[in-house]
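Just so you know, the protein sequences line up as chains A and B, in that order. Under full-length UniProt numbering, the first residue of the first sequence is numbered 1, with each subsequent residue one higher. Under full-length UniProt numbering, the first residue of the second sequence is numbered 1, with each subsequent residue one higher. Glycine included, each C-beta is placed from N, C-alpha and C at the ideal position.
There are 2 protein chains.
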Amino acid sequence: MTTRRDAVHDTLRQSEGFRSAQDVYAEMRNHGAKIGLTTVYRALQALADGGKVDVLRTDDGESVYRACATESHHHHLVCRRCGHTVEVAGPAVERWAEMVGSEHGFTEITHTVEVFGTCSSCSATPAG
Amino acid sequence: MTTRRDAVHDTLRQSEGFRSAQDVYAEMRNHGAKIGLTTVYRALQALADGGKVDVLRTDDGESVYRACATESHHHHLVCRRCGHTVEVAGPAVERWAEMVGSEHGFTEITHTVEVFGTCSSCSATPAG
DNA sequence: GGGGAAAATGAAAATGATTGTCAAAATCCC
DNA sequence: GGGATTTTGACAATCATTTTCATTTTCCCC
Chain A
1 MTTRRDAVHD
11 TLRQSEGFRS
21 AQDVYAEMRN
31 HGAKIGLTTV
41 YRALQALADG
51 GKVDVLRTDD
61 GESVYRACAT
71 ESHHHHLVCR
81 RCGHTVEVAG
91 PAVERWAEMV
101 GSEHGFTEIT
111 HTVEVFGTCS
121 SCSATPAG
Chain B
1 MTTRRDAVHD
11 TLRQSEGFRS
21 AQDVYAEMRN
31 HGAKIGLTTV
41 YRALQALADG
51 GKVDVLRTDD
61 GESVYRACAT
71 ESHHHHLVCR
81 RCGHTVEVAG
91 PAVERWAEMV
101 GSEHGFTEIT
111 HTVEVFGTCS
121 SCSATPAG
């Protein structure tokens, strides 16, 4: 039965930016879906494991998820105000990470890169 | 009274890689220091706020801290096996982040970049 | 040195996201 | 349909981190 998992995935697709598991759960309940928190967590993990959604940690340690347009490796530019997200490919960064790693004798290099900023709509609005 | 905070800082300096608050606390107690967990957390936060130590999140959401050699902006190359850390400056990455951000109309760009890998000593050892 | 305000400390309780448990429900295979 | 297997979800458990709050320490002015 993958209906619940699909429902979770759909909910994520309908969202603009990154959403926490709790968010997704609350939203699904608001829309009348019968689903448990536990299941949302499990679905999100399964989706993340399968590369169907991207995960990152907010500064306060909460995991947030997002259904991505592409399944290939990419990074995110996230608005710290409204959560609006742009996917960016950064070949330059990939090469830099590889280079830095091998320079120091490291192998199996992986990296995390996230860029935060204030998007144009939000910078037009007085700070809150 | 900043003695406790200094003690925490010292403990961090004596460590090779990143340590969690709980680690630092345990180590200080082992060395006979009279200090509470709460104080360790507070000291670590104060140190981090003041740019004296760097913070990052492990994959399981735990905050880890490290006393850095330089106080200027830099990133880390962390061995995923032994925690050995190398500080790397990445002007290329800084520029890339700025560029990507402004390309999309974002302002006040900040970024997180961490590179993980297996260091030469560890790759010489059979995986565990 | 003394007095009192303000900051630091720490033990224990609270918080909050995430995970584990386990029985009930849904699905599958034959 | 029937039983094995998987999925689900309510609730309890976990665990790092924060809060609370009373006690202790430091600081400043006299």
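Contact with chain B by residue i, beta-carbon distance below 7 Å
{"i": "Ala76(A)", "result": "The displayed chain sequence assigns His, not Ala, to residue 76(A). No, its Cβ sits nowhere closer than 7 Å to a Cβ of chain B."}
{"i": "Val113(A)", "result": "yes"}
{"i": "Arg81(A)", "result": "no"}
{"i": "Val64(A)", "result": "no"}
{"i": "Ala92(A)", "result": "yes"}
{"i": "Val24(A)", "result": "no"}
{"i": "Thr118(A)", "result": "yes"}
{"i": "Ala69(A)", "result": "no"}
Beta-bridge partners of residue i, as assigned by DSSP
{"i": "Thr54(A)", "result": "Reading the sequence as shown, one finds Asp at residue 54(A) and not Thr. The partner list for Asp54(A) (beta bridge, DSSP) reads Arg66(A)."}
{"i": "Thr19(B)", "result": "Reading off the sequence, residue 19(B) comes out as Arg, not Thr. Arg19(B) is bridged to Tyr65(B)."}
{"i": "Phe116(A)", "result": "Val78(A) and Thr110(B)"}
{"i": "Val88(A)", "result": "His75(A)"}
Residue i at chain A interface by Cβ criterion, 7 Å
{"i": "Thr110(B)", "result": "yes"}
{"i": "Val88(B)", "result": "yes"}
{"i": "Arg5(B)", "result": "no"}
{"i": "Ala124(B)", "result": "no"}
{"i": "Ser72(B)", "result": "no"}
{"i": "Thr85(B)", "result": "no"}
{"i": "Val8(B)", "result": "no"}
{"i": "His31(B)", "result": "no"}
Along the segment 37-62 of chain A, what residues have a CB closer than 7 Å to any CB found in chain B?
-> Arg57 and Gly61
Name the residues in the segment 10-21 of chain B whose C-beta lies less than 7 Å from a C-beta of chain A; which are they?
-> Cβ contacts with chain A: none found.
Taking contact to mean at least 3 C-beta pairs separated by less than 8 Å, is the segment 62-79 of chain A in contact with the segment 87-98 of chain A?
-> yes
Is the number of C-beta pairs between the segment 24-31 of chain B and the segment 109-126 of chain A that are closer than 8 Å three or more?
-> no
Contact between the segment 11-23 of chain A and the segment 64-71 of chain A (3+ Cβ pairs under 8 Å) | Counting Cβ pairs under 8 Å, three or more are found: they touch.
Give a yes or no on contact between the segment 43-60 of chain A and the segment 31-48 of chain B, applying the rule of three or more CB pairs nearer than 8 Å.
-> no
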